[in-house]
Each structure stands twice: as C-alpha cells, then as structure tokens.
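Participant: In the working numbering, the protein residues as written are 17 to 649.
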C-alpha cells in the first residue's frame, strides 16, 4: 500500500514550514500564489497579463530555476534534474514542487482558454514536470495528488481537523471559493477514509502471503453473501468495490460512503450559494459605504466653506471576546488589499484580523508557537507585491510573511538576526523603488530588502551607532527620502534610497530616551513625530531640512501616545492613546491640538490604520477592544 499517515491518510502530513521551497525553486512558489491575479483568462484577475506575457513569465522562472539548481548553462536532461531534486529537496519539498509545477504547467496550457491551448510545452516546463513526476512515481499532469493531497493543509493541526472549515488550500487557479471548497470537501472525504486504511493495514498484516507485483487483494463475505474487494493498484490507488455495485454499498465504520459523497456535494452546493450571497451583500455594503463617504464629503465641503465644523470626531469600540489580561499583544497593523486589517502578534500567540466592512474580529485564523517570554513580531509592512512582512521580535530569526490573497504564510527566506542581538530592525518603510528599508533599532546598519528577489543587504548603509533603540519607525517623504523617527537617538536618520546614503547628524533633536513613537506625513509635506515620553510633537520639514520639537505641545507624562494617522479631509493627525487618558488630535494647518477622553488604563492602543471606509482603527495593546475613530470634518 502507498505511504499514508495515521492522522491525515494520503494527504501530505508535513507542516507548511517544512514544504517551503528553497532557492532557486522559490520563485515558482511565488508565481503559483499570484495565479488568481495574473492569469489572462480570469475575469476576476486584478493584474491580468497578456497570454504571451504570462506564459513567458512561467517559462523564464522554470528556466532560471533549472539552470541555477543544476549549476550549468549546458544542456540539462531529465536524469540530471531528477538527481538534483533527489539530492537537494526533502520529501515534503518534492511533493510541494510537484504541486506547484503541475499548477504552473496547467496554467500555461489553459491561461487563454481552450481554443488557445498549445500543442507542446517549452523544454524547461517539460523538464520540470517530468523530472519531479519521475521522482515521485506519478504522472506529469495535474492529478488528485497535486491539487488535493499536496494542497490542502490544516489551519492548526491534523488532530484538530473535524470539518472542511478546519483546513485551507495553499494555492488555487482562480482564487474562487468554489474551487477552494471543491478541494477541501474532497480532502475531507480522504480523511473520512482514514479509519478504513487502518483497518485494511491490520487485515493485510494478518495475511502472511500477498499476491505478487505489490497488489494486495482481500475478499470479505458478509451475512448477505456480498463480496467486497479491496485492491491496491500498481500506481498506489486503493479500490474498494462490492460484487453488486448497483445495490451493494461500501461502509466505513458504519458510514455509507455513497451517502457521504452525496452529502458533501450537497454541502458544497449550499456553501457556494451562501458564498455568492455573501459576496453580493459585500458589494451592496461597499456601494452604500461609497455613497455615505460621498455624502459626508459634500457635507464637510459645505462646512469648510462656511467656516464651521459640520461633524465632530466620534469614538466607538469593537470588543474582542476571550482575551483576558495581557500587555503588548499587538503593536501595529496594516491595511490589506481585501480591505481587512492585519496585526501580527507581538506578546501573544495569535494574529488579529479586523473586517472593516462587517467589524467582525478574527483571532483564530493565524496562530503561532510561542514560548512564555518570546516577543514574536513587531511592526508590519505591505510590499509592492501585496504581501505582508512582519519584523521579528526577540528569539525570532526570521520574519513572518503573508499573502493576503491566498492566506498562504511563510518564514525563513532571510535572517533578521545576528549572533548577538534581537530586534535589530522592528519596523520599516517601502520606498518608491519598491524595496523595503528596515529602520535601525538595535542594528548598526539599514536593512535593504527586495521583496521580489528576497535579496537582502546590510552593508550598503552601515557604520551607524551601536546605541539601542535608536529609531522607532520611518516615513516616506514627498522628496523620496525616508525619515526615521528618533526614540533614543539624538538626530533624525535620513535615508536616501537613490544615493544609497544616510545622514544621522543634520536633523538633531534633544536626544532623550523614548522621545517619539511613530511619525506621520501630513498633506503639507511635513512629518509629525508622535510624543511618547517627549513633551512636544516633533515636526520635520524635509523641504527646509529642519526640525522643531518645542512649538506644539508641552504635554505632561510618559508613554503618552503610540502611533498616528493623517486624515486628509480634515487635515488632522489622530494619535493613539497608549497610557494617556485621551486621544490627541493635531491640526496640521494651524499646529493647534485637541484631545478626546478615552476610557481605559495603561498601554491601551499602539498604532492605527486608516481604512477605505474613512474610519481609523487603533490596534489594541492591553485593551480588549479595537478603538474606532470617525474623524468627522
């Protein structure tokens, strides 16, 4: 019998982290994640390519991977590629490469519709799929194994899977719920058969003599005289048949498999119908929100013309059930392409997801292994490719990455830690060139990360102070430079991505500890630093190359505000109350300030996100609710 696991049956049992493909195969995995956005034949694609562009992209990726893996530009054949795969990839990685390769080859064939299907595949694609198929002893096509057995994984563990909703798919061709649920329901049927596999293994072990050529045949006659044939074919497929298929049934632990299949099909149809209803309702909600925003814009415009305030800011709360006591659960969030807000866990074991349409809160979809003193991930960035990167905290070498289109997660492409320090970089900025720049917190250099190639550089901009907690965050200014907000440093760090240079001496500040927590770019081009322990707001003028930290404020207290958001319609910055008892509002036109009292204790919220609906969502630190701010006008 083919290899199977006592928990997952024939479904691949290895954790997702053990399946991740190393270089040079990783680019193929990335392309697979992007299929729903790029395939020409999909009407729902957000970044569709032409047929020629799409196919050339797949071919180039396969060609580059083969050449790098085999280490030669000379002619490569199936024997060479097979040997390389066998010697460099683990069994879970081989299964994953087969899954990815079969999806890319199939996408190449059907990306422009059936009428444009090619007569033959390019050599690189043929070598890729034929080699990995040979390694696994399967066929070089899309199979049940490639789209179900090697594609469906548990959200937590296989032990916890009780229904299809407890699993997820790694990749789909279309990104549709229908396709995803087709795979998941099929996978659930596989899991229902696990008890039968155990029983068959026990039965086979009781027979000392098995037929030749690896085919096991067991006949069982029940009280009605019906015969059940259990047979494994040469390809590893298990067949269970009755002697009278029209009337006989196959039962597994008392469950009728035909009825289970029909039930699964019916459930799939119901789920598909429900999903269509939900999608339609979401479109209606989005249209209504757009109308409300347009109406509010007209009201605000009229109010500004008359010199009055039409709508005052207001506050609301979204409670998060089951949190209890805690500190620094999350320290910041990002807005995803799908309109949801994602916050990676810091002093917690679960990520936070907020649906800005329904205000539903999810703290169960993304869970993490964590030791009691571990600080997992600090701030996050959304790269030019739409993927999220979360900077690691303590005892974490690798960042966490999320593809919000597929919910696929990954770690381990590059290290954010040396042998002496944690938290070298805890935040970053995406520059105009698409690269991510890690702000030096404990590090003595700027981290440069290319999210497309996964290349990193820590030498181009090095030689900075070894002082701890130097800069806490960064802002992309209108001039294309990055301005890093001082925490303990005595100057603003200015990063010039075009010149690959830094300046840590010109824009000086007082140099106290924990001065500001986050910076915000306003509509007038000025950058405002949010006061944490400092008494004044920091104002950076990139055009004049000056700083001012004595004009706005004279606030009392420590740990006051953490994180802020600029609201263009009102020209105001809203700073989130950390240990202060009020929300800070900065008018960037007049440099005036106002506050709004917020109930709660210490360390309430850290960081905030401005959503597409015009509302601001503060990320809870020790608070048990998301603070929702309507900026008014």
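Even glycine gets a Cβ: it sits at the ideal position worked out from N, Cα and C.
In chain order, what residues of the same chain lie with their CB nearer than 6 Å to the CB of residue 4, ignoring the 5 residues before and after it?
Facilitator: Any property of residue 4 remains undetermined from this structure, which presents the chain solely from 17 to 649.
Participant: Applying the 10 Å Cβ sphere with the 16-neighbour rule, what's the burial state of residue 482?
Facilitator: Along the chain shown, read from residue 1 onward, the residue named residue 482 stands at position 466. It is exposed - the Cβ of residue 482 has fewer than 16 other Cβ atoms within 10 Å.
Participant: Which residues does DSSP list as the beta-bridge partners of residue 441?
Facilitator: Here residue 441 refers to the residue found at position 425 when the chain shown is read from its first residue. Paired residue(s): 456.
Participant: Tell me the residue span of the beta strand (DSSP E) that contains residue 464.
Facilitator: On the chain shown, residue 464 is found 448 positions in, with the first residue counted as 1. Taken as a continuous stretch (DSSP letters only), the beta strand (DSSP E) holding residue 464 covers 463-465.
Participant: Just the C-alpha distance for residue 498 and residue 561, rounded to the nearest angstrom, thanks.
Facilitator: Here residue 498 refers to the residue found at position 482 of the chain shown. Here residue 561 refers to the residue found at position 545 of the chain shown. Spanning the two alpha carbons is a distance of roughly 13 Å.
Participant: Bridge partners for residue 335 per DSSP, in chain order?
Facilitator: Along the chain shown, read from residue 1 onward, the residue named residue 335 stands at position 319. In DSSP, residue 335 forms a bridge with 641.
Participant: What would DSSP say about residue 635, mapped onto helix, strand or coil?
Facilitator: As a position in the chain shown, residue 635 is number 619, starting the count at 1. Residue state, collapsed to three classes: strand.
Participant: For residue 616, which residues of its own chain have a beta-carbon under 7 Å away from its beta-carbon, when the five flanking residues on both sides are left out?
Facilitator: Taking the first residue of the chain shown as 1, we reach residue 616 at position 600. Around residue 616: 639.
Participant: Hey, would you say residue 152 sits closer than 7 Å to residue 114, going by beta carbons?
Facilitator: To locate residue 152, count along the chain shown from 1; it is residue 136. To locate residue 114, count along the chain shown from 1; it is residue 98. A contact, by the Cβ cut-off of 7 Å.
Participant: Below 8 Å on the Cβ atoms is my contact criterion, and I expect residue 604 with residue 552 to pass it. Report the Cβ-Cβ distance as a whole number of Å.
Facilitator: One-based indexing of the chain shown puts residue 604 at position 588. One-based indexing of the chain shown puts residue 552 at position 536. Under the criterion of beta carbons closer than 8 Å, residue 604 and residue 552 do not qualify as touching, at roughly 15 Å.
Participant: In angstroms, rounded to a whole number, what distance separates the CA positions of residue 276 and residue 285?
Facilitator: One-based indexing of the chain shown puts residue 276 at position 260. One-based indexing of the chain shown puts residue 285 at position 269. Rounded to whole angstroms, residue 276 to residue 285 spans 14 Å at the Cα level.
Participant: Which partner residues of residue 272 appear in the DSSP bridge assignment?
Facilitator: Within the chain shown, residue 272 is the residue found at index 256, counting from 1. Answer is 267.
Participant: Once you ignore the five residues that flank residue 436 on each side, which residues in its own chain have a CB closer than 6 Å to its CB?
Facilitator: On the chain shown, residue 436 is found 420 positions in, with the first residue counted as 1. With a pLDDT of 49 at residue 436, under the threshold of 50, the modelled position of that residue is not reliable, and the figure given next carries that caveat. Excluding residues within five positions, none has a Cβ falling inside 6 Å.
Participant: Short of 6 Å in beta carbon distance, which residues of its chain neighbour residue 91, apart from the five on each side in sequence? Order them along the chain.
Facilitator: Here residue 91 refers to the residue found at position 75 when the chain shown is read from its first residue. None.
Participant: Report all residues from its chain with a CB closer than 7 Å to the CB of residue 149; omit the five preceding and five following residues, and keep chain order.
Facilitator: Within the chain shown, the letter at position 133 stands for residue 149. Correct list, in chain order: 114, 155 and 156.
Participant: Among 577, 649 and 23, which residue has its Cα nearest to the Cα of residue 347?
Facilitator: Counting from one through the chain shown, the residue named residue 347 turns up at place 331. Residue nearest to residue 347 within the set 577, 649 and 23 is 577 (criterion: CA-CA distance).
Participant: Tell whether a beta-carbon distance below 7 Å holds between residue 365 and residue 384.
Facilitator: Reading the chain shown from its first residue, position 349 is the one you call residue 365. Reading the chain shown from its first residue, position 368 is the one you call residue 384. Contact: yes.
Participant: Compute the distance between the beta-carbons of residue 11 and residue 48, then report whether it is under 7 Å.
Facilitator: Past the boundaries of the shown model lies residue 11; the chain is included only from 17 to 649, so the question cannot be answered.
Participant: Let me confirm a value: residue 572 is counted as buried when at least 16 other C-beta atoms fall within 10 Å, else exposed. Which label applies?
Facilitator: Working through the chain shown from its first residue, we reach residue 572 at position 556. That one is exposed.
Participant: I'd like the list of long-range same chain contacts for residue 132, defined as Cβ closer than 7 Å, with 5 residues on each side in sequence excluded.
Facilitator: Position 116 of the chain shown holds residue 132. Closer than 7 Å at the Cβ level, and outside the excluded window around residue 132, lie 67.
Participant: The ligand SAH and residue 484: does any heavy atom of the ligand fall closer than 6 Å to the residue's C-beta?
Facilitator: Ligands in the displayed structure: none, and consequently the ligand SAH is not present.
Participant: Using a 10 Å radius around the Cβ and a threshold of 16 neighbouring Cβ atoms, would you call residue 196 buried or exposed?
Facilitator: The residue labelled residue 196 in the question sits at position 180 within the chain shown. Buried, since its Cβ has 16 or more Cβ neighbours within 10 Å.
Participant: With C-beta atoms as the reference, is residue 507 less than 7 Å away from residue 524?
Facilitator: Numbered from 1 along the chain shown, position 491 holds the residue referred to as residue 507. Numbered from 1 along the chain shown, position 508 holds the residue referred to as residue 524. Yes, the Cβ-Cβ distance between residue 507 and residue 524 is below 7 Å.
Participant: Residue 558: which of 501, 98 and 416 sits nearest, CA to CA?
Facilitator: Here residue 558 is taken as the residue at index 542 of the chain shown, counted from 1. Closest by C-alpha distance to residue 558, out of 501, 98 and 416, is 501.
Participant: For the beta strand (DSSP E) containing residue 489, list its first residue and its last residue.
Facilitator: Working through the chain shown from its first residue, we reach residue 489 at position 473. That run of the beta strand (DSSP E) goes 487-492.
Participant: From residue 455 to residue 556, what distance separates their C-alpha atoms?
Facilitator: Translated into the one-based positions of the chain shown, residue 455 becomes position 439. Translated into the one-based positions of the chain shown, residue 556 becomes position 540. Cα to Cα, residue 455 sits roughly 17 Å from residue 556.
Participant: Going by DSSP, what residue range makes up the alpha helix (DSSP H) through residue 480?
Facilitator: As a working note, residue 480 is residue 464 in the chain shown. In the DSSP annotation of this structure, residue 480 is not part of any alpha helix (DSSP H), being labelled neither H nor E.
Participant: So for residue 198, helix, strand or coil by DSSP?
Facilitator: Numbered from its first residue, the chain shown carries residue 198 at position 182. In this structure, residue 198 counts as helix in the three-state DSSP scheme.
Participant: Counting only the same chain and skipping the five closest in sequence on each side, list residues whose C-beta sits under 6 Å from that of residue 164.
Facilitator: Along the chain shown, read from residue 1 onward, the residue named residue 164 stands at position 148. Same-chain partners within the cutoff: 199, 202 and 203.
Participant: Would you mind working out which of 213, 280, 169 and 609 sits nearest residue 205, comparing C-alpha positions?
Facilitator: Here residue 205 refers to the residue found at position 189 of the chain shown. Checked all of 213, 280, 169 and 609; the closest Cα to residue 205 is 280.
Participant: In the structure shown, what three-state DSSP assignment does residue 207 receive?
Facilitator: Counting from one through the chain shown, the residue named residue 207 turns up at place 191. Residue 207 falls in the helix class under three-state DSSP.
Participant: Grab the span of the beta strand (DSSP E) containing residue 511 for me, first residue to last.
Facilitator: Within the chain shown, numbered from 1, the residue matching residue 511 stands at position 495. Run containing residue 511: 509-512, per the beta strand (DSSP E) assignment.
Participant: Mind checking residue 606: buried by the 16 CB within 10 Å criterion, or exposed?
Facilitator: Locating residue 606 in the chain shown gives position 590, counting from the first residue. Under this definition residue 606 is an exposed residue.
Participant: Hey, how far is the Cα of residue 342 from the Cα of residue 637?
Facilitator: For the purposes of this step, residue 342 is taken as residue 326 along the chain shown, with counting starting at 1. For the purposes of this step, residue 637 is taken as residue 621 along the chain shown, with counting starting at 1. Cα to Cα, residue 342 sits roughly 8 Å from residue 637.
Participant: Among 371, 458, 610 and 515, which has the Cα closest to the Cα of residue 488?
Facilitator: For this step, residue 488 is matched to residue 472 along the chain shown. Nearest option by C-alpha distance: 458.
Participant: Kindly give me the distance between the Cβ atoms of residue 405 and residue 361, rounded to whole angstroms, as I take these residues to be in contact under 8 Å.
Facilitator: To locate residue 405, count along the chain shown from 1; it is residue 389. To locate residue 361, count along the chain shown from 1; it is residue 345. About 15 Å separates the two Cβ atoms, so there is no contact after all.
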